[in-house]
Amino acid sequence: MRETYAPILLRRKAARIRKETGNARLHTKVVLSSSYTIIFVAIARPLKLLVLIPIVMSLLLYVTYAFGFIFILFTPFPSVFEAQYGFSTAVSELACLGLGIDFLVGLGAFTAANNWQRKHWDAKGGWTPEKHLIPMIIFSPFTAIGFFWYSWSSAKRTHWIVPIIANFFIAIGALFTLLPTPLYLVDAFGAGAAASALAANLILQLLCSAFITLAGPPLYAHLGLGWGNSLLGFLCINFIPAPVLIYRNGA
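Encoded structure:
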């Protein structure tokens, strides 16, 4: 890929002109930091954004919880259909295929909605980074609804298609929570700090995915499918106001 960072391009241009003219005094006004400074800033700035900027912390905590709850959902997923519906191991794994299809449908829907939204607000002249949060505000309740639906439909052994449909709501809500976040961070923080904001997002998500799944087995062992997944639904409800508050006060 071609280099696009302006200070690097200017430094290369100055080096080329020095070589062509033989004038060693030609330099750019841009002073590039040392490698140690760049590494320190790359590590410190994401942590600084997490700790000192409430908007980043609240939004990323919400996204991280939604991301982690999907991992918890996968923990007993095949065994649910084996124990509750008598599926074989091979057939129970196909239930995961349904969730994968849900994510693909949600991805296509989000792409279409995001493109339409951007064109709509560009035409009206009122585009702001917070507009990325509108789909999150609309669809984030779907995750909580899906968890409640899935928890009690599977616990009460309704027809197997019912918890599969509930997973569609979980997938849609999770995707419309996860995908707008990097778009908002890039537009809100600009070229100077967007990479650090995205790094902060990844730090929380990856740490969460590594450790929160450990809570899955004891959660379902003590609370069962009904109240175990309902607890995740209640936690999702607690974070629903976060994108609303950021949309109203973020700018």
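Here our numbering is used: the first residue of the sequence shown is 752, the next is one more, and so on.
Where is the CB? At the ideal position from N, CA and C, for every residue including glycine.
Nothing here was measured: the structure is a model prediction, and the numbers come from that model.
Residue 788 versus residue 952 - alpha carbon distance: Taking the first residue of the sequence shown as 1, we reach residue 788 at position 37. Taking the first residue of the sequence shown as 1, we reach residue 952 at position 201. Their backbone Cα atoms lie some 22 Å apart in a straight line.
Stretch pair the stretch 926 to 935 + the stretch 877 to 894: three plus CB contacts closer than 8 Å: yes
8 Å Cβ cutoff met for residue 963 and residue 797: Your numbering for residue 963 matches position 212 in the sequence shown. Your numbering for residue 797 matches position 46 in the sequence shown. No.
Closest residue to residue 989 among 838, 895, 934 and 806 (Cα-Cα distance): Taking the first residue of the sequence shown as position 1, residue 989 is located at position 238. The option with the nearest alpha carbon to residue 989 is 895.
Secondary structure of residue 756, DSSP reduced to three states: To locate residue 756, count along the sequence shown from 1; it is residue 5. Three-state DSSP puts residue 756 in coil, outside helix and strand.
Cα-Cα separation between residue 858 and residue 791, rounded to whole angstroms: Translated into positions along the sequence shown, residue 858 becomes position 107. Translated into positions along the sequence shown, residue 791 becomes position 40. Between residue 858 and residue 791, the C-alpha separation is close to 36 Å.
The stretch 852 to 870 contacting the stretch 827 to 844, beta-carbon criterion three pairs below 8 Å: no
Span of the alpha helix (DSSP H) around residue 996: Residue mapping note: residue 996 aligns to position 245 of the sequence shown, counting from 1. From DSSP, the alpha helix (DSSP H) with residue 996 extends over 992 to 1000.
Pick from 936, 999, 998 and 976 that is closest to residue 834, judged by C-alpha positions: The residue given as residue 834 occupies position 83 in the sequence shown. Residue 976 is the option with its Cα nearest to residue 834.
Sequence-distant residues of the same chain with beta carbon closer than 6 Å to residue 987, five excluded per side: Numbered from 1 along the sequence shown, position 236 holds the residue referred to as residue 987. Excluding positions up to five away in sequence, the list reads 894 and 895.
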